[in-house]
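To start, the structure itself, in structure tokens.
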Amino acid sequence: MAFLYVKNEHDALDIYQETVLKAYMNISKLQNAKLFKTWITRILINNIHTRNRHYNKFQDEETEDYIGDFTYSNIEEKLDLYDAIDVLEEKYRTPIILQYFYDLTIEQIADIINCNENTVKTNLRRAKKKMYDVLKEEKNA
-6 MAFLYVKNEH DALDIYQETV LKAYMNISKL QNAKLFKTWI TRILINNIHT RNRHYNKFQD
54 EETEDYIGDF TYSNIEEKLD LYDAIDVLEE KYRTPIILQY FYDLTIEQIA DIINCNENTV
114 KTNLRRAKKK MYDVLKEEKN A
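So the sequence shown is numbered by the numbering used here: it starts at -6 and just counts up by one.
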């Protein structure tokens, strides 16, 4: 019954466990044993409504829109990108991460890794070339 409401096995099992726990803790309040099925079903439905109130309270339209654009091809592309970054030597990896994941400028990167700005530019250019080659190989494989 919980699964029919929430359409998610994990959430349904959580609701089921919460229902069993509440029923066990409050069984002494049940006055007529013949009404057990109705009583426990009511507890289950109350737990579902409690979960839905909590869930709806924290839902955000922007989050839903963002999740809606999420596709498996994006995941695969990102995993390939992360793999390509992992292949890079440290002197190339750090500037790439700082520029593209932290949006830092060449000057800021040079200050962080304590080197010349031209060296950062060269390392970024070489890193991009190596990443391009790695991604090209993976795509052709």
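Note that beta-carbon positions come from the ideal geometry of N, C-alpha and C, so glycine has one too. Predicted model only: the values in this text are computed from it and were never measured.
Report task. Give a yes or no on contact between the region 30 to 50 and the region -6 to 11, applying the rule of three or more CB pairs nearer than 8 Å. Result -> yes
Query raised in the report: Are there 16 or more other CB atoms within 10 angstroms of the CB of Val13, so buried, or fewer, so exposed?
Result: exposed
Query raised in the report: Ends of the alpha helix (DSSP H) at Tyr95?
Result: That residue, Tyr95, is in no alpha helix (DSSP H); it is neither H nor E in DSSP.
Query raised in the report: Whose C-beta lies closer than 8 Å to the C-beta of Lys114 among residues of the same chain, with five residues either side of it excluded?
Result: Ile99
Requested in this report: For Asp76, collect the residues of the same chain with a Cβ closer than 8 Å to its Cβ; drop the 5 residues on either side in sequence, then sort them by chain order.
Outcome: Val127, Glu131
Query raised in the report: If we count the other Cβ atoms within 10 Å of its Cβ and call it buried at 16 or more, is Ile60 buried or exposed?
Result: Per-residue confidence for Ile60 stands at a pLDDT of 45, beneath the threshold of 50, marking its modelled position as unreliable; the derived number appears in the next sentence. It counts as exposed.
Query raised in the report: I think Ile38 touches Ala16, with their Cβ atoms under 8 Å apart; what is that distance to the nearest whole Å?
Result: About 13 Å separates the two Cβ atoms, so there is no contact after all.
Query raised in the report: Short check: CB of Tyr85 to CB of Asn116, under 8 Å?
Result: yes
Query raised in the report: Can you check whether the CB of Ile78 is closer than 8 Å to the CB of Met124?
Result: Yes, the Cβ-Cβ distance between Met124 and Ile78 is below 8 Å.
Requested in this report: To the nearest angstrom, report how far apart Ile20 and Phe(-4) are at their CA atoms.
Outcome: Rounded to the nearest angstrom, the gap between the Cα atoms of Ile20 and Phe(-4) is 24 Å.
Query raised in the report: Which residue's Cα is closest to the Cα of Asn40: Lys30, Tyr(-2), Lys122, Ala103?
Result: Tyr(-2)
Query raised in the report: Using DSSP with H/G/I as helix, E/B as strand and the rest coil, what is Glu54?
Result: A caution first: Glu54 carries a pLDDT of 46, below 50, which makes its placement in the model too unreliable to give a value.
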